[in-house]
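J.: In this note's numbering, the protein residues as written are 1267 to 1644.
Have a look at the structure that comes next, please.
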Amino acid sequence: MRNVIWLTVATGLSGMLGGCQSPPGRGPAPAVDPQLSINTLIAAPEDFARQRIGSDDYPIPPYAEFLAGVKICLDPGHGGDAHKRGYKRGPTGVREAEMNLRVAQYLRDLLAVAGADVRLTREVDVDFSLAERATLANEWGADLFVSLHHNAINNKPQVNRTSVWYHNDVDYRPANLDLARYLYGGLCDYLALPQITGVPLKSDQLMYDSGFGILRHVRVTAALCESSFFTNPQEEQRLRDPAYNLQEAYGLFIGLAKYAAAGLPRAHLIEPADGVVFSSHIPTSEEAGHPTLVFELDDGLRSRKSWGCERQMVLSDSIAVRIAGVELPFEFSDDGECCRLTIALPDSLQPGEHSVEVQFQNMFKNSVLNPHFVIELR
Ligand SMILES: [Zn+2]
């Protein structure tokens, strides 16, 4: 292990000095093409982040307690691509796949201290397809999915700024914008890049008509960070540094902690719990002759039992129920303990499976994490 670390450092030095270092007691080392090299980051002990978390530089704020139990899937972009000469590398060969992974590992260490439940889509330098990464998050039932990347641009080495990307358009999944906004805030405050883009939250359809593959496949609340530009020579060198990787992870952590502290709203289908509705179902509402759905709305805040929690914290005007994009009327009630939404299904609804979307915002204007429910009308 020690030998591996030494070689890592030597490779890094030879890259920086533009020459080859000879290990003692051996002949001259073969020339390493920096654009094909691996271990391009400055080596750090495995517990680098854990030793520093909680120090004055990386304190855990009290509001991070609201991350406890939140299921967060971190996706370090790329991997297993060192053999592709110059692929996703900075000017001296520092690899994006490596910086993405280390930031993800440090972010996991931070989130773990706060009690979040964290999984990485990859732990080592291997590639997984975008579909495999998304499937891991979908099948696990992650609350949040954060894809970690660093940006590149041809022939503009001076460019270096932060952006966070969401899928499709702004109305597609409002919670994606919440996540993106908080992540951006953390990166902005803690990376503190001097350059800024006017609108830092970007649609992935700006890049591809169908958006980014990873965001298209993932069905949970998701965003993709392009934290800074490794094609900027100064930024490339900073991104090799474990302290800088930890700084970035800390910014993401603070963003996620502030997001969780503002409450993560959820909707739960409670009637019928199995999602199967019979058209002959006898409705609970006397005046309505339609099968009904009942959802419980969790604002993500009331369960904290804080003073004032009996007051309504769902913004009434933000509630919307849709089937195939068509808004349905609903009844909303809040008895101080439980918020409920009752929906009479329209007569025109054909038998079969339907996707019901339930949207609302809590008082912090955070939207429902997973707003889509499949029901079957029989
Ligand atoms: Zn990338």
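The beta-carbon is built from N, C-alpha and C at its ideal position, and this holds for glycine as well.
Which residue comes first and which comes last in the alpha helix (DSSP H) that contains glycine 1645?
T.: Nothing about residue 1645 can be read from this structure; the chain reaches only from 1267 to 1644.
J.: Is DSSP giving tyrosine 1438 helix, strand or coil here?
T.: DSSP places tyrosine 1438 in coil when its eight states are reduced to three.
J.: Please tell me whether, using a cut-off of 7 Å, the distance from the CB of histidine 1534 to the nearest non-hydrogen atom of ligand 1 is below it.
T.: No; taking the cut-off as 7 Å, the Cβ of histidine 1534 has no heavy atom of ligand 1 nearer than that.
J.: Report the partner residues of aspartate 1507 according to the DSSP bridge assignment.
T.: Aspartate 1507 pairs with nothing; no bridge assigned.
J.: Taking 7 Å as the cut-off, is the beta-carbon of lysine 1354 closer than that to any non-hydrogen atom of ligand 1?
T.: True, at least one ligand heavy atom lies under 7 Å from that Cβ.
J.: Straight-line CA distance for glycine 1464 to lysine 1350?
T.: Roughly 34 Å separates the two Cα atoms.
J.: Per DSSP, which residues does tyrosine 1432 bridge with? Please list them.
T.: Per DSSP, Ser1469.
J.: Pairs of beta-carbons, one from the stretch 1352-1367 and one from the stretch 1482-1500, closer than 8 Å: are there three or more?
T.: The stretch 1352-1367, when compared against the stretch 1482-1500, does touch it at the 8 Å Cβ threshold.
J.: Which partner residues does aspartate 1444 have in the DSSP bridge list?
T.: Bridge partners of aspartate 1444: none, in fact.
J.: Secondary structure at alanine 1220, three-state DSSP: helix, strand or coil?
T.: Residue coverage of the chain in this structure runs from 1267 to 1644, which leaves residue 1220 outside it and unanswerable.
J.: Just how far apart, CA to CA, sit phenylalanine 1478 and serine 1614?
T.: Near 36 Å, if we compare the C-alpha coordinates of serine 1614 and phenylalanine 1478.
J.: May I have the straight-line CA-CA distance separating lysine 1468 from glutamate 1501, to the nearest angstrom?
T.: If you take the alpha carbons of lysine 1468 and glutamate 1501, they lie about 21 Å apart.
J.: Under three-state DSSP, which class holds leucine 1410?
T.: Leucine 1410: strand per DSSP, three-state reduction.
J.: To the nearest angstrom, how far is the alpha carbon of aspartate 1393 from that of arginine 1568?
T.: So the alpha carbons of these two residues sit roughly 42 Å apart.
J.: Measuring alpha carbon to alpha carbon, tell me which of Gly1381, Met1629, Glu1405, Glu1364 ends up nearest arginine 1388.
T.: That would be Glu1364, whose Cα lies nearest to the Cα of arginine 1388.
J.: Let me know if glycine 1521 comes out buried or exposed under the rule of 16 or more other beta-carbons within 10 Å of its beta-carbon.
T.: When all chains shown are included, glycine 1521 counts as buried.
J.: List the endpoints of the continuous alpha helix (DSSP H) containing arginine 1606.
T.: It is not in any alpha helix (DSSP H) - arginine 1606 instead sits in the beta strand (DSSP E) that spans 1605-1610.
J.: Rounded to whole angstroms, what's the CA-CA distance from tyrosine 1525 to leucine 1445? Just pull it up for me.
T.: Computed Cα separation, rounded: 7 Å.
J.: When the Cβ atoms of the stretch 1584-1591 are set against those of the stretch 1530-1547, are three or more pairs found closer than 8 Å?
T.: No, they do not touch.
J.: Can you give me the C-alpha to C-alpha distance between lysine 1449 and proline 1296, rounded to a whole angstrom?
T.: The identity of residue 1449 in the sequence shown is leucine, whereas the question assumes lysine. C-alpha separation (whole angstroms): 43 Å.
J.: Tell me the DSSP bridge mates of asparagine 1305?
T.: Answer by DSSP bridge pairing: none, since asparagine 1305 is not bridged.
J.: Under DSSP, the beta strand (DSSP E) around leucine 1333 begins and ends at which residues?
T.: Here leucine 1333 belongs to no beta strand (DSSP E), and DSSP marks it neither H nor E.
J.: From the DSSP output, in three-state form, read off glutamate 1619 for me.
T.: DSSP places glutamate 1619 in strand when its eight states are reduced to three.
J.: If you reduce the DSSP assignment to three classes, tell me which class phenylalanine 1626 lands in.
T.: Coil, per DSSP.
J.: For arginine 1316, which of helix, strand or coil comes out of DSSP?
T.: It is helical.
J.: What is the DSSP secondary structure of valine 1542, reduced to helix, strand or coil?
T.: Three-state result, valine 1542: strand.
J.: Since I believe proline 1327 is in contact with alanine 1523 (beta carbons under 8 Å), could you give me their beta-carbon distance rounded to a whole number of angstroms?
T.: Sure, about 6 Å apart at Cβ, within 8 Å.
J.: Let's test the definition: count the other Cβ atoms within 10 Å of the Cβ of tryptophan 1573 and tell me whether it reaches 16, buried, or not, exposed.
T.: The residue in question, tryptophan 1573, is exposed, as its Cβ has fewer than 16 Cβ neighbours within 10 Å.
J.: With DSSP as the reference, label isoleucine 1589 as helix, strand or coil.
T.: The answer is strand: DSSP assigns isoleucine 1589 an E or B state.
J.: Regarding glutamate 1502 and ligand 1, is the C-beta to nearest heavy atom distance less than 7 Å?
T.: Because no heavy atom of ligand 1 lies under 7 Å away, the Cβ of glutamate 1502 does not count as near it: no.
J.: By a C-beta neighbour count over all protein chains shown, 10 Å radius and 16 as the cutoff for buried, is glutamine 1371 buried or exposed?
T.: By the 10 Å Cβ count, glutamine 1371 comes out buried.
J.: Need the endpoints of the alpha helix (DSSP H) that valine 1379 sits in, please.
T.: 1362-1379 is the extent of the alpha helix (DSSP H) around valine 1379.
J.: Helix or strand or just coil, what does DSSP make of cysteine 1454?
T.: Residue state, collapsed to three classes: helix.
J.: Within the continuous alpha helix (DSSP H) that includes histidine 1483, where are the two ends?
T.: Per DSSP, histidine 1483 belongs to the alpha helix (DSSP H) from 1479-1483.
J.: Please write down, chain order preserved, every residue whose beta carbon lies under 5 Å from a heavy atom of ligand 1.
T.: Here the list is Gly1343, His1415.
J.: Using the C-alpha atoms, what's the distance from arginine 1447 back to proline 1531?
T.: For proline 1531 and arginine 1447, the distance between alpha carbons rounds to 16 Å.
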